[in-house]
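Visitor: Input: one structure, supplied below.
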Amino acid sequence: MSMAQSLRRIGSRTRRSLQSVGSGASSRIGQLSAQVLAALLGVFLIALFIYYFIGSKLVHRIDDNLDYKPPVAVLPNQSHAVAMAAGLMEREVDGHGWVSNDPFYYPSAVLDNMPNFQAGIKESVEIFTEKMRDNLGRKRGSSEIDESLRTARSRLGTDPSQWIWDPSESALPRQSAESLSRPGIENLQDYNSRLGQGIAFFDPRSDNLRVTLDAIA
118 MSMAQSLRRI
128 GSRTRRSLQS
138 VGSGASSRIG
148 QLSAQVLAAL
158 LGVFLIALFI
168 YYFIGSKLVH
178 RIDDNLDYKP
188 PVAVLPNQSH
198 AVAMAAGLME
208 REVDGHGWVS
218 NDPFYYPSAV
228 LDNMPNFQAG
238 IKESVEIFTE
248 KMRDNLGRKR
258 GSSEIDESLR
268 TARSRLGTDP
278 SQWIWDPSES
288 ALPRQSAESL
298 SRPGIENLQD
308 YNSRLGQGIA
318 FFDPRSDNLR
328 VTLDAIA
């Protein structure tokens, strides 16, 4: 065998050995990468579960206290019902935090009972305000409506799930349900304050009161 043939044979064996080593190293690196990705995915899923599970537990609260009283004292000639309506909305919006419109990346987005409870309170206060506006909050002998009740009904009539942005309607941001509810609450409080002073519209006719009670009962 010539020297040249021997060198070619040695070179061929060396290349095969290097290819075998490289292939094995690539396989091990690939397996290691897959294991790292699987571990990272597992950690992410666990963190996601903890975020939503524990976060929703911390946020969740259904305040069904039947002994609830409005935070503001009801003065003579003021309405306990109006004070209660304003107080309940203020408690849910600013006290417990409004969750009915929270987007998917909030832990409260997985809740069901609390958002429905808040939406129910909002709808009840909206109906109460509407009947007050239509039946009792009018100037006697005319169809003139008290402006505070008119504005309160408009602001409290917002969809409870309305968030600051809805791309299906507009690319521009908008006011959320809670940001509109706050001035509506202030309108109810203003009406009650003026009612105590005797300057708000209020027509306490028995037939109007009966219609109002029938509507909200």
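Numbering (my numbering), first residue to last: 118 to 334.
Ideal Cβ placement from N, Cα and C applies to all residues, glycine included.
#1: Taking 7 angstroms as the limit between beta carbons, can you name the residues of its chain near TRP117, skipping five residues before and five after?
#2: Quick check on this structure: which residue in LYS174, HIS177 and ALA198 has the alpha carbon closest to the alpha carbon of TYR185?
#3: Determine the contact status of VAL242 and MET231, defining contact as a CB-CB distance below 8 angstroms.
#4: Look at ARG272 and GLU247 and say whether their C-beta atoms are less than 8 angstroms apart.
#5: Do the segment 304 to 317 and the segment 262 to 269 make contact, defined as three or more Cβ pairs closer than 8 angstroms?
#6: Identify the continuous alpha helix (DSSP H) that holds THR268 and give its terminal residues.
#7: From the DSSP output, read off the bridge partner residues of ARG255.
#8: Counting C-beta neighbours from all protein chains within 10 Å, is the total for PHE319 16 or more, i.e. buried, or is it exposed?
#9: Would the beta-carbon of ASN252 fall within 8 angstroms of that of VAL328?
#10: Leaving aside the five residues before and after TYR169 along the sequence, list all residues of the same chain whose C-beta is less than 6 angstroms from its C-beta, in chain order.
#11: Alpha carbon to alpha carbon, what distance is there between LEU165 and SER323?
#12: For HIS177, which three-state DSSP category applies?
Guide: Taking the geometry as given:
#1: No answer is possible for residue 117: the residues shown for the chain start at 118 and end at 334.
#2: Residue ALA198 is the option with its Cα nearest to TYR185.
#3: Taking 8 angstroms as the Cβ cut-off, VAL242 and MET231 do not qualify as a contacting pair.
#4: Cβ distance not < 8 angstroms, so ARG272 and GLU247 don't count as in contact.
#5: yes
#6: 264 to 273
#7: ILE262
#8: PHE319 is buried by the Cβ-count criterion.
#9: yes
#10: PRO224 and VAL227
#11: One C-alpha to the other measures close to 58 angstroms.
#12: coil
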